[in-house]
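Residue numbers (my numbering): 3 to 228.
Built from N, CA and C at the ideal position, the CB exists for glycine as well.
On a predicted model such as this, the values are computed, not experimentally measured, just so you know.
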């Protein structure tokens, strides 16, 4: 796995030192893109998807704050400000703009690199924990998007939470009572028949993946890989 990083710094010597350190230390882990002014950086943000950005704030053209805002409007990316602006107001503005970390110059390249790895590793773990999958069915708990073979499908709220419970317990037999307690919680008006109806509707919406939800006669339901 490799990460695409944008380093924006208007001091040529520092830009060279930072980019060289990430290339050499990472030994292929980082694809490094650089920019020495804000307007060039904005163009590169618009044209690329970066995993990490290291931004100076005081730049020719657009500021680091502007670049951070543009990146946040486009999508999710780890962002570290590296700047001489060390006042409390500047640091607060950095976090309010959307940065993940704020480093004041002068700084240690080794420490900056370690911070970068920590943010990226945390991001990967979060994404992994948000994604549930079984066979051709996938569900992202953060975006609440459900897909069958990369085709997004629409399901209602109860079907969504029912599918989450099935995915979290894939290959296990879940009784109607288990499903009621976890999906409908304390709603005493709900009966086993409601579970059967919800399963039926979920199967209809899953289309070609409907067969992954197996009926285990006399016991309940099980979600399988195929």
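Minimum C-alpha distance to residue i - residue among the options
i: residue 52; options: 122, 64, 22, 170; result: 122
i: residue 163; options: 173, 95, 184, 87; result: 184
i: residue 83; options: 217, 76, 93; result: 93
i: residue 200; options: 222, 225, 160, 119; result: 160
i: residue 48; options: 76, 137, 178, 106; result: 76
i: residue 1; options: 91, 22, 104, 134; result: Lying before the first or after the last residue shown, residue 1 is absent from the chain, which here runs from 3 to 228.
i: residue 90; options: 106, 81, 102, 80; result: 106
i: residue 196; options: 207, 209, 181; result: 181
i: residue 158; options: 223, 204, 11, 215; result: 204
Environment of residue i [buried if 16+ CB atoms lie within 10 Å]
i: residue 117; result: buried
i: residue 55; result: buried
i: residue 146; result: exposed
i: residue 113; result: exposed
i: residue 40; result: buried
i: residue 211; result: buried
i: residue 85; result: buried
i: residue 175; result: exposed
Rounded C-alpha distance that separates residue i from residue j
i: residue 187; j: residue 166; result: 14 Å
i: residue 61; j: residue 111; result: 20 Å
i: residue 173; j: residue 227; result: 8 Å
i: residue 63; j: residue 73; result: 16 Å
i: residue 18; j: residue 33; result: 14 Å
i: residue 78; j: residue 221; result: 43 Å
i: residue 57; j: residue 193; result: 56 Å
i: residue 178; j: residue 198; result: 8 Å
i: residue 153; j: residue 104; result: 39 Å
i: residue 124; j: residue 219; result: 42 Å
Touching by the beta-carbon criterion (3+ pairs, under 8 Å), the stretch 36-52 and the stretch 62-71: yes
If you scan the stretch 9-44 from start to end, which runs of the beta strand (DSSP E) of 3 or more residues do you find wholly inside it? 32-37
Does the structure place the stretch 93-108 close enough to the stretch 19-38 that three or more beta carbon pairs sit under 8 Å? no
Counting only runs that start and end within the stretch 54-125, where is the beta strand (DSSP E) found for 3 or more residues in a row? 54-57, 80-85, 103-106
Ranges of the alpha helix (DSSP H) found wholly within the stretch 152-196, counting only runs of at least 4: 159-170, 178-181
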